[in-house]
Every structure is written in C-alpha cells, then in structure tokens.
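The structure under discussion appears below in the form of structure tokens.
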Amino acid sequence: MVAVLATSCLDKTPGSAIPVDKAMQTFDDAEQHLTGIYAQMKSSALWSGYLTLLPDIQTDLAYAVEGYSNNMGEFWLWTFRGTSKEIEAVYGGLYSIISECNFFLEKIDQVIAKETDDDNLLALDFYKGEVYTIRALCYSELIKCYCEAYDPDNADNQLGVVLRKSYSKKERAVRASLKASYKMVLDDLSMAESLLDDDYDGYSSDYAIQGMAYALHARVALYMQDWDAAIEYSSKVIDHPHKAFALSEANVNYTNTNPNSYHIYNQTTGSQSYFQYMWSNDLATEIIWQIGFTPTSYGGALGQSFLAFNTDYVYYYPDYVPAQWVLNLYQSADLRYDAYFATMQTGHSHGLVWPLLIKYYGNESFMNSYQLFHVNSPKPFRLAEQYLIRAEAYCRKDNPNYAAASADLSTLRESRFANGVGSTVVNKDNFLQTISDERVRELYMEGHRLQDLKRWGKLLNNGVFERTPQQNSLKEGSSIKISVDNPRFVWPIPKHELDAPGSEVAPNPSNN
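Numbering (the numbering used here), first residue to last: -6 to 505.
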C-alpha cells in the first residue's frame, strides 16, 4: 500500500492502487495489512535505530570519540532542533504506524461481519487486539519523547500529543492534554487486553500478545506515577498464570553454541550463557515481545554506532563508547558486563583500546549466513524491566514496601551474577539511586535513560547530570552539565508539523 502525499506526518495515509473503500475486505486482506504494520515497525528511525539509541546517547551513558562520523551528533551535543532529521523521522514514523492502525480498526468490523469461519473470527479478534496494542505503544513513545514528565496534579494543563482516532474522518491537528493523551493509551490497552488471551502468551513473540499489553500498561502506569497499577500489571507478567516468561540466567551456560560463529561471545569464552544467547540469537525466555527480523527483512543495525566492524572486518570504528562511570557500576561477579562489553582495539587514528558495546554485535545466523553484522531484533519488552518497574513502584507508594522491592531487585540480580549471588536491600534513603544504577546496568542502550531522568526530576542528583572528558572523547560535548529543566529534555515538535496548512499544533519550549 502506497502513502498518499501529504504536507503533514499526521495526515499520512496508507493508499494503494486499490481505492480505499475497496481495500481490506477479507480475512486475507486483514492479515496482509497487519503484516504491513509490523513491517513498518522495523524502520531504522524507530526501535532498531533512533527511538532506541537517541535517549541514551543524549544523556550520560556514552561518549562520542575523536574521529566519529557525526552520526546522531546533534543529540550528543544537545543542539538538535525541530528541523533535525531524527526528530522528524521518529515523529513521522510513529504517526505513520498509527495511521495504518486507524485504517485497520476502521475496516476490521466490516471484515468480521462478513466472515463465517469460526477459526478466522477468533483470529480477527486477536488481530484487532494486536493493533490496539501497537497503537497504544506508538502513542506512548510519542508522549515519552515529545511531552514533559507526567504531573498527576497538573496533567489536564500539560501538553500531550495530537490524537488521531480515525482514518477517514477529518480531525483537528491540535494537541490534547497529557492526561487525555495517556487516557487514549490506557483505553487502547483496555481493548487489547480484552481481545487477547494469556493462553497464547509465549516468550520471544514477534506478535503483540496479552503479556506485551500488560508490560506496556505497567510501564505507562510507572510514568503516570500510578504505583498501584504499575505493581498490578507488572505482576501479571512476572507472575504469569502459565509461567510464559522467565529471566534468562547469565550464570547458566547454553550448550548448543556454534563454535564457528562470528559472535564475540564464542570467540572469548567458547560458550554462551542463556543471557548472552538472548542477544546473539534473539531468543530467550525473558523476551516478552521483539520486532522480528530475518536476514532478508530487517531494519536498522543497532550495533553499528558502537562497533562498525564491517568497515574493514579488522578493526572497530565506534562513534560512541561506554561512559567510564557506567563501566564502574558493574561488580566483578556481575555477568552482564561480559555480555554487554568487550575491550577491543579501535581502528581510529588514536588507536583507542576501550570496552566497546557488544550487546548489539549481531544475530549469529545473520552473520554466519549473510555476513550481516550488528543487526539484532529490537526487544522493547523484556521481563527484567518489569522487575525494575515493580521494585520502583513498591518504593514510591505512600506506604512503601521496601522488602518487596528488595526481593524483586535481588531476584533480577541473582539471575545475572556468578553463582547466583547479588542480593541487595533498599530503604528510604537509597532506593532511588539503587534503582537508577540497576536500570543503567540492565537496560543500557535500550532507550530508557532520558525518560528516567526526566520523570525523576530533582529527586535524583538534584536533577543534574554532567559529562567529564574521558580518554579520546570528543572535546565538544564531553564537558556539558545539563539540568532537568533544560527544554531539550522534551524533544521539539517537527517544524513542518507546526507550519503545515491548517495546523494548530502547539510547539514545545525546545522549538524556540
């Protein structure tokens, strides 16, 4: 289906050689359209690229190195604006998927009304639930990037996003309140949860499932400071009635490894743990939902900016390397370190030797069969995040339950530490710093850091982060000090959205 030319990302529509009123009339049509939605989610502007990497590059987790290619450089330098290609690509990519979802939801009831096969009818209900989940996810990501942190006492007065609920009906291009924007997400999730069935939940799913809807619900509740809901929905995933998901042990070897693989894990240890296998083969019991890549159908290469081994297949040419303070967070028994980082010689003229990010080194089968490096299926929802969500929510309730939070953090850490050690205890004085550090260790370069700092505000380090130069880091940007009240914590609305004919979209302070 071909997009009709439009002046605004909000007006992008899935047209085709088939007239719209004739499109998506059968079960097969619905399946094909849903497949198209999933295909759009592979875009390198989204989870396999900018949407995942920029929130961490922008903050304090990595450093640009001398000789870098300037990839994502405006975000590293905090100089991006409403005309920046990344700002436009993320915004347009998410709204394009929303438009496809609106088209599907507008047509699906007509398809259901014509269908007579019981199995097909059951499948169509599931497809509908998948689309509601995907639309909720896209709106939640728009809110995360282009809106300020949710204030429960003032959300009616905070700017949200433009809400598109219809495909064919003209709707005003005006931003709803942040409260109304999150209500849209929650309403979509409520529909999804009623249509999907936990009997069909399973790990490493390439399709939206009920467990994914619950995981997103827990994340959104955390962002909305609804601690009880965050606990309720993360518990639905962690304590799944059919035990659909389980943490992937970093201290247990997965024996079916390929000794001839290109993967760095095999080269250094001769074997892989279940945790390493999750990253090297995109398969694990703790993956709730991932965007399914194949060697012939994939999006961006998440590891390219951190490795670029395919420049000459001899040296690595990273644009960004991990911050020293991040590396220092890992204890010697923490097996995540060896799963995420490996010290290597770079090919830059300065010859930097540094622990590089190998988490996104690439899927083994892609490298072995196609020499396709640094491409992994993005994993927007993992069970580990649900433990972190629930632990934080336990601590931030009016009546905190630090014992329950400590138990969740200990469960996560014991799956990551050698010999199952790693238990920890939190209290009113240390819980936020402890959880912040654990989120960095576990979720490094998965796109959470900017939102975490934004929503914590002055509760963490008085709302300030600072970069200090490290070996061969780029001079520009290595010494900045950023406060959470900096307007660029909220990304600007793309300029062409503000200038489009008929637009009533209000700008963000970062547009100025």
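Backbone N, C-alpha and C fix where the C-beta goes; we use that ideal spot for every residue, glycine too.
Keep in mind the model is a prediction, meaning the values are calculated, not measured.
Residue from the options whose Cα sits closest to the Cα of residue i
i	options	result
Val349	Asn361, Ser362, Asp331 and Gln364	Position check: residue 349 holds Leu in this sequence, whereas Val was assumed. If we check each option's Cα against that of Leu349, Asp331 comes out closest.
Asn479	Ser503, Tyr309, Ile80 and Ser41	Ser503
Ile257	Val245, Ser399, Glu242 and Asn274	Asn274
Pro462	Glu59, Leu130 and Ala32	Glu59
Ala173	Ser187, Gly195 and Asn150	Asn150
Ala57	Ala499, Asn465, Leu381 and Asp492	Asn465
Leu46	Gly29, Lys474, Leu436 and Ile475	Leu436
Ala335	Tyr354, Ser187, Gln324 and Asn505	Tyr354
Leu70	Lys468, Asn505 and Asn501	Lys468
Phe119	Ile30, Ile281 and Ala201	Ala201
Phe424	Arg406, Leu453 and Leu405	Leu453
Gly29	Cys94, Gln51, His343 and Glu67	Cys94
Tyr247	Lys162, Val155 and Trp272	Trp272
Asn361	Pro288, Ile428 and Asn420	Pro288
Tyr395	Ile428, Gly66 and Lys137	Ile428
Thr404	Gln324, Val418 and Asn356	Val418
Asp391	Asp110, Phe96 and Asp221	Asp221
Ile50	Pro494, Ser476 and Arg460	Arg460
Tyr530	Ser228, His233 and Ser358	The first residue shown for the chain is -6 and the last is 505, placing residue 530 beyond what the model contains.
Leu322	His343, Ser227 and Glu431	Glu431
Leu152	Gly450, Ser183, His235 and Glu141	Glu141
Trp40	Gly293, Gly340, Leu171 and Thr339	Gly293
Asp191	Ala223, Arg157, Ser198 and Pro234	Pro234
Ile477	Lys447, Ser198, Leu171 and Gly470	First, the residue type needs correcting, since residue 477 is Val and not Ile in the sequence shown. The shortest C-alpha separation from Val477 is found at Lys447.
Ile473	Phe68, Tyr43, Gly42 and Ala38	Phe68
Bounding residues of the alpha helix (DSSP H) (the contiguous stretch that carries residue i)
i	result
Glu225	Trp220 to Ile231
Arg506	For the chain, the structure presents residues -6 to 505; residue 506 sits outside this window and is missing.
Leu295	No alpha helix (DSSP H) holds Leu295; DSSP gives it neither H nor E.
Trp272	Tyr267 to Asn274
Ile382	Leu376 to Arg389
Arg128	Asp111 to Tyr139
Asp85	The sequence shown places Gly at residue 85, rather than the Asp named in the question. Note, Gly85: alpha helix (DSSP H), Lys78 to Lys107.
Ser170	Ser170 -> not in any alpha helix (DSSP H); beta strand (DSSP E) instead, spanning Arg168 to Ser170.
Gly204	Gln203 to Tyr216
Gly285	Premise fails: Gly285 is in no alpha helix (DSSP H) and is neither H nor E.
Asp395	A small correction: the amino acid at residue 395 is Tyr; Asp does not occupy that position in the sequence shown. Where Tyr395 is concerned, the enclosing alpha helix (DSSP H) stretches over Tyr395 to Glu407.
Glu67	Gly66 to Leu70
Same chain only: Cβ atoms within 8 Å of residue i, ignoring 5 sequence neighbours per side
i	result
Lys107	Gln18 and Thr19
Leu328	Ala243, Asn244, Ser266, Phe268, Arg409, Phe410 and Ala411
Leu54	Pro315, Ala316, Val319, Val433, Tyr437, Met438 and Arg442
Glu407	Gly413, Val414, Gly415 and Ser416
Leu188	Asp118, Phe119, Lys121, Gly122 and Tyr125
Gly296	Leu350, Ile351, Lys352, Tyr353, Tyr354, Gly355, Phe366, His367, Val368 and Asn369
Close Cβ partners of residue i (< 6 Å) along its chain, the five nearest in sequence each way excluded
i	result
Lys488	Gly75 and Thr76
Asp401	Tyr380, Arg383 and Ala384
Ile231	Gln379
Gln218	Pro145
Ser62	Asp312
Asp305	none
Val178	Ala129, Tyr132, Ser133 and Val213
Ser347	First, the amino acid is wrong: residue 347 is Trp here, not Ser. Only Val314 meet the Cβ criterion.
Lys137	Gln444
The ligand ATP heavy atom lying under 7 Å from the CB of residue i
i	result
Ile90	The ligand ATP is absent from the structure shown, which contains no ligand whatsoever.
Cβ shell of residue i (< 7 Å), same chain only, five flanking positions each side left out
i	result
Tyr291	Lys35 and Val368
Ile486	Gly75, Tyr139, Val498, Pro500, Asn501 and Asn504
Ile80	Phe73, Trp484, Pro485 and Pro487
Ala397	Tyr387
Gly238	It should be noted that the sequence gives Phe, not Gly, for residue 238. Excluding positions up to five away in sequence, the list reads Tyr196, Gly204, Val230, Thr278, Glu279, Ile281 and Leu376.
Run of the beta strand (DSSP E) containing residue i, from where it starts to where it stops
i	result
Ala55	Ala55 to Ala57
Trp282	Ile280 to Trp282
Leu152	Leu152 to Val155
Next item on the list: Evaluate contact between the segment 144 to 153 and the segment 84 to 97, counting only Cβ atoms and requiring at least three cross-stretch pairs below 8 Å.
Entry: no
Notebook entry, point to check: How do the segment 159 to 170 and the segment 109 to 128 stand: do at least 3 beta-carbon pairs fall below 8 Å, yes or no?
Noted result: As far as the Cβ criterion goes, the segment 159 to 170 does not touch the segment 109 to 128, which means the pair count is below three.
Notebook entry, point to check: What are the complete beta strand (DSSP E) segments, minimum 3 residues, inside the segment 433 to 487?
Noted result: 457 to 459 and 474 to 476
Next item on the list: Check whether the segment 92 to 103 touches the segment 18 to 38, taking contact to mean three or more Cβ pairs, one atom from each stretch, closer than 8 Å.
Entry: yes
Margin query: Quick check for students: name the residue ranges of the alpha helix (DSSP H) that lie wholly in the segment 306 to 357, counting only runs of 4 or more.
Written below: 317 to 322 and 329 to 333
Checklist line | contact_flag[the segment 277 to 286, the segment 359 to 376] where n(CB pairs < 8 Å) is 3 or more | finding: yes
Margin query: For a minimum of 4 consecutive residues, which ranges assigned as the alpha helix (DSSP H) are wholly contained in the segment 26 to 50?
Written below: 43 to 50
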